[in-house]
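Colleague:
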Amino acid sequence: MVIIGENLHVIAKAVSTAIKERDAKVIQDLAKAQTEAGAGYIDLNVGPMKKDPEENMQWLVNIVQEVTDSPLSIDTMNPVAMEAGLKACQKRPLLNSASGKADSKEQMLPLAQKYNCDVVISVITDKGMPPDVDSKIESIMDTVTYANELGIPNEDIWVDPIILPVSTAGEGQGFAVACLEFIKILEDVLPEIKSTVGLSNISNGVPNELRPLLNRTFLVMLGRNGLYSAIADPLDKEFMNLIEGKMPEIVELIYKTMDGEDIDLSSLSTKEVEYVKTAKVLTGENLYSDAWLES
Amino acid sequence: MEYKAPAEAYTGVVREITIGKGKKSLKIGGENILPFHFFDQGSNPNSAKFALEVLDMEPQDWPEHLTQPFKDVIADPVKWAKRCEELGADAVFLRLVSTDPAVNDSSADEAAALAKKVAEAISIPLIIYGSGDDKKDADVLPKVAEACDGMNLLIGPVQKENYEIVGKALLDHGHNASALSPLDINLLKELNVKLCKFFPAEKIVIDPESAALGYGMEYSFSLMERVKQIGVITKDNMTMMPIIADLGGECWKTKQAKESKEQGLLWEGMTALSLLLAGANILILRHPDTVNLVKETTEVE
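Going down the list, the sequences are from chains S and G. Going by my numbering, the first residue of the first sequence is number 1, and it counts up by one from there. Going by my numbering, the first residue of the second sequence is number 1001, and it counts up by one from there.
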């Protein structure tokens, strides 16, 4: 599993201030820490970057490259900032992201071809977010075909099914199940294609202290279904331990839960019980509530 | 070859709850089939019940065609409650609307004294709701519970903000709790999980919030349907409780219901029928004619 480190994100106050004030150290420290923790890519999420996109992006890419050998994921909706970022990268970067929307097809996808880089393509189109597995597959096949025609091969494309919060009233669990299913069949419909997800969105709206547990469990489940990579927090040690195979008993328990096996909770440790309960929420077996660990 | 009708069997059973005591009691819930699925394996031992609503003060905004059956008693909640009994209600639903700080802010002691009087005056079970103001209810409902000690009433709304204090009082004085959450199945489950840490699940009724026809009823419908399915089909321990549909007030607030009696009865009646189909076990209505209309329509020969 390739982890794209998510911590350089303009929503974080420290990061946005550091960019504004050209404080390289804050950003370099975060980049270094993520590489050391095992991130395969460092995501530079700069949002729309309305002010001085070229200059800002160049500065950012350069200072991060000074301290890490990890390739970069350039994460912005602004095509000008995107191009400046891709141009400045020394290693083959990841364009994050394009979609099936008309303006993205016109402005983002050609950049991936021009700079010969990998590209994240989400299932979103001008019609919005496809609601179920079939329509997600249909949308992504259209956009991938378009990308192929531009000269971008499947192996350079990282498909993103778009994870939505599991806590969304009434619907969130259905979204989670659809994502699992999508990842499972993706390889069959689009051979050689890669995949990625914005993992932490699964736990958006959930009490903060419970978020990592949902993120970790969902990643193990997606990984079993063939997920190639995830944008996530490599500084979560337990998370990295899980995907690096250091917690095989927990992984096994999550798999058993996915298979619907009867698990005797009384024989498990508190931590094991928590993972099983969380997996049951993510498979849709148990109705979600913020108190899912308590029932 | 003999034809065998496909019949589903489910694993979940909705908890059966008794409201009131002795002759003055009724039962709701207990079903292990989906609403009106009489063709499936299982049964619903308790048909839906209908309570008529009484306010603790003379209503200010009720149309005349709604107050008409109670015209001579409407200023006296005790007499009004007795009238409901005479008109065939299964239970009386007393709403302590005057305690609302935005209405009269009347005191918890007054409310408790009235609740007791009404409970003693009628020979059918009583359901009592506070004003819905969670802070004021935290003061009013424990006093009501105490005044009616041991009567096994259904009292609510118990909400996320006050479940600890109200739930404790209901437990101490032997009542059932009506747990209200705002049209959201995840919040509804969460409240039940938290309440059940100290309150018996066997004494909880779910109030998922009922909206009127044309004013969001489909949200209430989908939610009740889902609560019932998750309880009966997937056996979720925290949704296997009977459902209360507090819909009369919502219906008679509408412009349509206020315009004419016929329209009002149909508005309340259609909302009631729809929510029955979705899985409501006890319905709160305002007009006695609606009770008869819905009973006639749903009676199984």
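Glycine residues also receive a C-beta, built at the ideal position from the N, C-alpha and C atoms. Note that the structure is predicted; figures quoted are calculated from it, not measured.
(1) With distances taken between CB atoms, is the gap from residue 1242 (chain G) to residue 1015 (chain G) smaller than 8 angstroms?
(2) Name the chain G residues whose beta carbon is nearer than 7 angstroms to that of residue 294 (chain S)?
(3) Thinking residue 1178 (chain G) and residue 1158 (chain G) are a contact (beta carbons under 8 angstroms), I'd like their distance in whole angstroms, please.
(4) Give me the chain G residues within the contact set of residue 104 (chain S), using Cβ-Cβ distance strictly less than 7 angstroms, ordered along the chain.
(5) I need the DSSP call for residue 143 (chain S), collapsed to helix, strand or coil.
(6) May I ask which residues mark the beginning and end of the beta strand (DSSP E) holding residue 98 (chain S)?
(7) Would the region 1022-1033 of chain G and the region 1063-1082 of chain G be scored as touching if the rule is three or more Cβ pairs under 8 angstroms?
(8) Between the beta-carbon of residue 351 (chain S) and the beta-carbon of residue 88 (chain S), is there less than 8 angstroms?
(9) If you measure from the beta carbon of residue 1067 (chain G) to each beta carbon in chain S, is any gap under 8 angstroms?
(10) Counting along the chain, where does the beta strand (DSSP E) carrying residue 5 (chain S) start and finish?
(11) Verify the CB distance criterion: does residue 287 (chain S) have a CB-CB separation below 8 angstroms to chain G?
(12) By the 8 angstroms beta-carbon criterion, what residues does the region 1207-1226 of chain G contribute toward chain S?
(13) Can you give me the start and stop residues for the alpha helix (DSSP H) that residue 69 (chain S) sits inside?
(14) Kindly provide the ranges of any beta strand (DSSP E) runs that are 3 or more residues long and lie completely inside the region 7-71 of chain S, ordered along the chain.
(15) Taking Cβ-Cβ distances shorter than 7 angstroms, what residues in chain G pair up with residue 291 (chain S)?
(16) I need the boundaries of the alpha helix (DSSP H) containing residue 1080 (chain G), first residue and last residue.
(17) Report buried or exposed for residue 1240 (chain G), applying the criterion of at least 16 other Cβ atoms within 10 angstroms of its Cβ.
(18) Once you ignore the five residues that flank residue 31 (chain S) on each side, which residues in its own chain have a CB closer than 6 angstroms to its CB?
(19) Between residue 203 (chain S) and chain C, is the shortest Cβ-Cβ distance under 8 angstroms, so that the two count as touching?
(20) For residue 1093 (chain G), which of G:1100, G:1083 and G:1101 has the nearest alpha-carbon?
(21) Helix, strand or coil for residue 1129 (chain G)? Go by DSSP, reduced to three states.
(22) DSSP three-state call for residue 222 (chain S): helix, strand or coil?
(23) Are at least three pairs of beta-carbons, each pair with one atom in the region 16-25 of chain S and one in the region 216-231 of chain S, less than 8 angstroms apart?
(24) According to the neighbour-count rule (16 or more other Cβ atoms, all chains shown, within 10 Å of its Cβ), is residue 1224 (chain G) buried or exposed?
(25) Select from the region 1159-1170 of chain G all residues with a C-beta closer than 7 angstroms to any C-beta belonging to chain S, and list them in chain order.
(26) Tell me the DSSP bridge mates of residue 178 (chain S)?
(27) When you compare only the Cα positions, how much space is there between residue 1053 (chain G) and residue 1250 (chain G)?
(28) Alpha carbon to alpha carbon, how far is residue 76 (chain S) from residue 1162 (chain G)?
(29) Go ahead and pull the three-state DSSP assignment for residue 1268 (chain G).
(30) Look at the alpha carbon of residue 97 (chain S) and the alpha carbon of residue 106 (chain S), and state the distance between them as a whole number of angstroms.
(31) Classify residue 1003 (chain G): buried if its beta carbon has 16 or more other beta carbons within 10 angstroms, exposed otherwise.
(32) Which bits of chain G does residue 169 (chain S) rub up against, with CB to CB less than 7 angstroms?
(33) With DSSP as the reference, identify every bridge partner of residue 75 (chain S), one or two as the case may be.
(34) Please determine if the region 233-245 of chain S and the region 5-17 of chain S are in contact, where contact requires at least 3 C-beta pairs separated by less than 8 angstroms.
(35) Would you mind giving the Cβ-Cβ distance between residue 1290 (chain G) and residue 1269 (chain G), rounded to the nearest angstrom? I have them listed as a contact below 8 angstroms.
(36) Can you grab the Cα-Cα spacing for the pair residue 167 (chain S) / residue 178 (chain S), in whole Å?
Modeller: According to the structure data:
(1) yes
(2) 1193
(3) 6 angstroms
(4) Those within 7 angstroms of residue 104 (chain S) in chain G number zero; the least Cβ separation is about 33 angstroms.
(5) Collapsing the DSSP output to three states places residue 143 (chain S) in a helix.
(6) 94-100
(7) Short answer: they don't touch.
(8) Missing from the structure shown is residue 351 (chain S); chain S here goes from 1 to 295 and no further.
(9) no
(10) 2-5
(11) yes
(12) 1222, 1223 and 1226
(13) Per DSSP, residue 69 (chain S) belongs to no alpha helix (DSSP H) and is neither H nor E.
(14) 41-47
(15) 1190, 1193 and 1194
(16) Residues 1077-1086.
(17) buried
(18) 42, 64, 67 and 68
(19) Absent from the structure: chain C. Protein chains present are S and G.
(20) G:1083
(21) strand
(22) Residue 222 (chain S): helix per DSSP, three-state reduction.
(23) no
(24) buried
(25) Answer in chain order: no residues at all.
(26) According to DSSP, residue 178 (chain S) bridges with nothing at all.
(27) Those two C-alpha atoms are separated by around 12 angstroms.
(28) 45 angstroms
(29) helix
(30) Spanning the two alpha carbons is a distance of roughly 13 angstroms.
(31) exposed
(32) 1184, 1185 and 1186
(33) S:45 and S:96
(34) Contact between the region 233-245 of chain S and the region 5-17 of chain S is present: three or more C-beta pairs spanning the two stretches fall below 8 angstroms.
(35) 5 angstroms
(36) If I take the Cα positions, the gap works out to 15 angstroms.
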